[in-house]
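Structure record follows, encoded as structure tokens.
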Ligand code: SF4
């Protein structure tokens, strides 16, 4: 069993699978039109049917995003500028009887926020730890059609901050809220390069939940119990 | 997993007599159907998206060999490993060998039907590893020593009081007199216990809803967040996925995502849709150091180009079973193997042989609801008919059925005889039913009449009525 990981054995199994698939499809894999069809789809990535629901102007998108996110039990606040974020975060924590402690990654947009304006707020940086109660991350984008956040991994916004703490606060710039998934996907391509992705992209639509006990919906399964979204610049 | 499909009839009898199961199955009927209908109604493009989703998968299957090659190339370029497995045994051995290569002891698992298909948990245990299911439903049934009875709601057959009993039996370190009335307390208790397991596990195993050729990405779709903690915290992430999970591009994935959650739970989107590409990058402070994909064939490549190719479009949403009157009545375990309901009735014979599972495609009334809700427009009833035909051709169906069909065929091919038999049979049945017009028992059909009455035929035969209609006489 130990040699099942041997690359030569893997190559043999690969050949078996591909040969069976080709025999079943009655092809040999070298047909130019088939190769062209695949190369073309991968390069041109046609968009398909994009719902009209999200095709709105900036204000319409932000409004729809808010409606949809609230419908899936996220809470949401809008602030005019970065300078207003610490006050909003601090208020949210107070209203929910949470300690005035947050943790975030090295994202430049988060580093620039004047957290010190809130005297009681303790801010630390790094990945989520056992004791982290509130994780703060900056979203790459949002999708209005379903109130979905798009979060990307890296030192700037470590993925553990989105999942381990009981409370997750996500900041998003109003201009980064797109109407549909396809628009965000295109922005990911522009940012990371065609065919490339960061290690993790999380689409997050509301706080975690489970319906596994008698199909009764319960919030707060393994991920955060609370998801608070702060839209900046709206 | 032990194959119990040949005992389908016995399984069904037991299920019908199981009061707790019958109570639990009410939750399928009451919840899923309305939620799906509402979600579909709110999106005007829903039907067009179903067409698009079907076309995308058809294209991917027609070019599967090439997309698999493209996908593998991207995974490798991002620092991951693709391991090909021809059958279940190879897949199990590969997962175990990866675990051994890092001296793993515990393995956390996200919800995955494919690891059920390959019988991974038993195999890991036999090799001295401890698999821990982390999805709440999967955790509950792992404690009970059971298998999932539904592909997206694995513990749908379990009632709340049974969960409470199980938690009290197993979580003995907690106070005996704690109150577990509220289901939220049960959830919190599981959360606390599993939180510790996530952090100490050496390997995390998940399935995949999609494998994206454009970027070499695997995607999981969940609501609880357990799949994310499973793949994020341990040193090694292993994805086990079957070949047909391939989609060409990110845009194609978005199209299918729009029909997946709506068909499954009636959500617009599940809470977490997570795209994973390779292991931790140089500047990543978290994430697994190794990323492996075990690509399982297990008979699927042989389904291409056959009557059953369409089944490979299935995205495991569960809508077909949620809408199936047979599934509602007998539950998932009666089907006797991994995949229940209409999709199981079609897929199981392909994977384990129709000789083992011939009862499943026969357990259908052909009401057609499964096909009408399947987001991928899989012609499930037609494919069940294909299986019945093959079973008949290979002389696998039981002697009574063959004799019955033979007798019917004999009559049907002789119109005069057929009409005579019907005109005699109908009054006899009406007489048997008596005043109520319903038959509570019928020779040779005791299994059918045990759970419902058969209405007696009324009036004239179809042929007689047709004849009158042709002649213009009112019936
Ligand atoms: S057959 Fe269709 S309805 Fe059933 S699980 Fe598969 S995709 Fe869903």
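Protein chains in written order, with the working numbering: chain S, -4 to 229; chain L, 3 to 477. Positions of the beta carbon are idealized from the N, C-alpha and C atoms, including for glycine. Quantities reported herein were computed from a predicted structural model and do not represent experimental measurements.
Between residue 459 of chain L and the set L/474, L/452, L/441 and L/470, the nearest pair of CA atoms involves L/441.
Identification of residues in the region 9 to 31 of chain S having a C-beta nearer than 9 angstroms to some C-beta of chain L yields 9, 10, 11, 12, 13, 14, 15, 16, 17, 18, 19, 20, 21, 22, 24, 29 and 30, given in sequence order. For the region 216 to 244 of chain L, the residues whose beta carbon sits under 7 angstroms from a beta carbon of chain S are, in order, 216, 217, 219, 225, 226, 227, 228, 230, 231 and 234. Neighbours of residue 149 of chain S across chain L, judged by C-beta separation under 7 angstroms: 285 and 286. The straight-line gap separating the alpha-carbon atoms of residue 269 of chain L and residue 14 of chain S is approximately 40 angstroms.
Counting only Cβ-Cβ distances below 7 angstroms, residue 196 of chain S has contacts in chain L at 277, in chain order. By the neighbour-count definition (other C-beta atoms within 10 Å, threshold 16), residue 244 of chain L is a buried residue. The straight-line gap separating the alpha-carbon atoms of residue 418 of chain L and residue 372 of chain L is approximately 38 angstroms.
When distances are taken from the beta-carbon of residue 378 of chain L to the heavy atoms of the ligand SF4, the shortest one is below 7 angstroms.
Residue 212 of chain S counts as exposed, since fewer than 16 other beta carbons sit within 10 angstroms of its beta carbon. The beta-bridge partner set that DSSP reports for residue 96 of chain S consists of S/117. DSSP places residue 221 of chain S in the uninterrupted beta strand (DSSP E) bounded by 221 to 227. Relative to the ligand SF4, even the nearest heavy atom lies 7 angstroms or more away from the CB of residue 193 of chain S.
Boundaries of the beta strand (DSSP E) harbouring residue 111 of chain L: 108 to 111, taken from the DSSP string.
In summary, the residues of the region 197 to 211 of chain S whose CB is separated from some CB of chain L by less than 9 angstroms are 197, 198, 199, 200, 201, 202, 203, 204, 205, 206, 207, 208, 209, 210 and 211, in the order they occur in the chain.
For residue 168 of chain S, the enclosing beta strand (DSSP E) starts and ends at 162 to 168.
Using a Cβ-Cβ cut-off of 8 angstroms, residue 292 of chain L does not count as an interface residue toward chain S, since no Cβ of chain S sits closer than that to its own. Per the DSSP secondary-structure output, residue 86 of chain L pairs in a beta bridge with L/297. The C-beta of residue 136 of chain L comes closer than 8 angstroms to at least one C-beta of chain S.
Distances between the C-beta of residue 319 of chain L and the heavy atoms of the ligand SF4 include at least one below 7 angstroms.
With its beta carbon at least 8 angstroms from every one in chain L, residue 106 of chain S lies outside the interface. For residue 133 of chain L, the enclosing beta strand (DSSP E) stretches over residues 132 to 135.
At a Cβ-Cβ threshold of 8 angstroms, residue 193 of chain S and residue 222 of chain S do not count as neighbours. By the rule that beta-carbons nearer than 8 angstroms mark a contact, residue 191 of chain S touches chain L.
Assigned with DSSP and collapsed to three states, residue 1 of chain S falls in coil, not helix or strand. Looking only at L/131, L/348 and L/190, the smallest Cα-Cα distance to residue 388 of chain L is reached by L/348. For the region 86 to 103 of chain L, residues whose beta-carbon sits nearer than 9 angstroms to a beta-carbon of chain S comprise 86, 87, 88, 92, 95, 96, 98, 99, 100, 102 and 103.
Within chain S, no C-beta atom comes less than 7 angstroms from the C-beta of residue 378 of chain L; the nearest is roughly 14 angstroms away. Rounded to whole angstroms, the separation of the alpha carbons of residue 337 of chain L and residue 6 of chain L is 7 angstroms. Contact between the region 81 to 97 of chain L and the region -3 to 12 of chain S is present: 3 or more CB-CB pairs across the two stretches fall below 8 angstroms. If you draw a 10 Å sphere on the C-beta of residue 80 of chain L, you find 16 or more other C-beta atoms in it, and that means buried. Just so you know, the alpha carbons of residue 131 of chain L and residue 407 of chain L end up roughly 51 angstroms apart.
Among the residues facing chain S, residue 186 of chain L is included, as its CB has a counterpart in that chain under 8 angstroms away. Excluding the 5 residues flanking it on each side, residue 59 of chain L has same chain C-beta neighbours closer than 7 angstroms at 315 and 378, in chain order.
Straight-line spacing of the CA atoms in residue 151 of chain S and residue 133 of chain S works out to 8 angstroms. Between the C-alpha atoms of residue 165 of chain S and residue 225 of chain S there is a straight-line separation of about 6 angstroms.
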